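Chemist: Take the sequence shown: its position 144, counted from the start at 1, is 144 in UniProt numbering, and no numbers get skipped.
Beta carbons are placed, not taken as given, at the ideal position from N, Cα and C, and that holds for glycine.
This one's a predicted model, so the numbers in the text were calculated from it and none came from an experiment.
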Amino acid sequence: MGREEMFSIVYAKCTQEIGGRAVTKIEVRDFNHVLNVCNLEDRGFRGSKYTWWSGRTNEECIFKRLDRVLTNDKMQDIFPILEVEHLVRSGYDYAPLSITSEKSREDVNKPFIFLNFWLKEDFFMELIQNHWMVDFEGDPLSLFHHKLKGIKKALTQWSKQTFGFMKCNLKYSQQLGIDKDCIELRQT
């Protein structure tokens, strides 16, 4: 069986196909293991549920979702907003996919900076523990890397929600400091 055929067959689930041969649990497990080890994620879609039609009718008719967009962490960092749409089939057995993305300049290649004052927050240790306990399959180095990436993402989101955008707050605080210095100079 070819790699492309294996990919198409195994990733299908009962809810993503009508008709055709049943997918075994072993095929699904093995393929999901590969996705997990490679850290790939299905980005979802809008539109028709199925991307392929056998061209037959009645009992021999088969619909499947064979085509999908899988991304890794690096691609999600570069393109945080990625939308997949299944377009209408016209004259072919496959439905074309439309992929649109918005590259957020602020998020691209942005270094992670640990802020010491996070340690003083009550929720900080709980957040770290919850994200460290998430179970993944793979070799120890991949597991460690995946957990660190998850913690980085969680800390970044938590910090934005809790403290706002630090760059804006820093500029505002610096401006207040400058204004305070000016006021103190005028009073002397």
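Quick one: any contact between the segment 122-135 and the segment 86-102, if contact means 3 or more CB pairs under 8 Å?
Modeler: The segment 122-135 is not in contact with the segment 86-102.
Chemist: Hey, which unbroken runs of the beta strand (DSSP E) at 3 residues or more fall wholly within the segment 75-142?
Modeler: Complete beta strand (DSSP E) runs here, min 3: 81-86, 97-102.
Chemist: State the start and end residues of the unbroken alpha helix (DSSP H) segment that holds Glu27.
Modeler: One-based indexing of the sequence shown puts residue 27 at position 27. 25-37 is the span of the alpha helix (DSSP H), which, as asked, contains Glu27.
Chemist: Taking the alpha-carbon positions, what's the His146 to Glu83 distance?
Modeler: In the sequence shown, the residue the question calls residue 146 occupies position 146. In the sequence shown, the residue the question calls residue 83 occupies position 83. Taking the straight line joining both Cα atoms gives about 24 Å.
Chemist: Taking Cβ positions, are Ile81 and Glu102 nearer each other than 8 Å?
Modeler: Walking along the sequence shown from the start, residue 81 turns up at place 81. Walking along the sequence shown from the start, residue 102 turns up at place 102. Yes.
Chemist: Should Leu119 go down as buried or exposed, given a rule of 16 or more other Cβ atoms within 10 Å for buried?
Modeler: Counting from one through the sequence shown, the residue named residue 119 turns up at place 119. It counts as exposed.
Chemist: Hey, would you say Phe123 sits closer than 8 Å to Lys152, going by beta carbons?
Modeler: As a working mapping, residue 123 is identified with position 123 in the sequence shown. As a working mapping, residue 152 is identified with position 152 in the sequence shown. Not closer than 8 Å, so no.
Chemist: Give a yes or no on whether the C-beta atoms belonging to Leu70 and Glu27 are separated by under 8 Å.
Modeler: Counting from 1 along the sequence shown, the entry for residue 70 is found at position 70. Counting from 1 along the sequence shown, the entry for residue 27 is found at position 27. The answer is no: Cβ separation not under 8 Å.
Chemist: Enumerate in chain order the residues of its own chain whose CB-to-CB distance from Val37 is below 6 Å, with the five nearest sequence positions on each side excluded.
Modeler: The residue you call residue 37 lines up with position 37 of the sequence shown. The residues are Gly138.
Chemist: Based on DSSP bridge pairs, tell me the residues matched to Asp42.
Modeler: Along the sequence shown, read from residue 1 onward, the residue named residue 42 stands at position 42. For Asp42, which the question treats as bridged, DSSP gives the partners Leu70.
Chemist: Using only the alpha-carbon positions, how far apart do Tyr92 and Gly44 sit?
Modeler: Within the sequence shown, residue 92 is the residue found at index 92, counting from 1. Within the sequence shown, residue 44 is the residue found at index 44, counting from 1. Cα to Cα, Tyr92 sits roughly 22 Å from Gly44.
Chemist: Using the Cβ count rule (16 or more neighbours within 10 Å means buried), how would you classify Asp30?
Modeler: On the sequence shown, position 30 is the one that residue 30 refers to. Its Cβ having fewer than 16 others within 10 Å, Asp30 is exposed.
Chemist: Taking DSSP as the reference, what is the three-state secondary structure of Lys49?
Modeler: Position 49 of the sequence shown, counted from the first residue, corresponds to residue 49. Reduced to three states, the DSSP call for Lys49 is coil.
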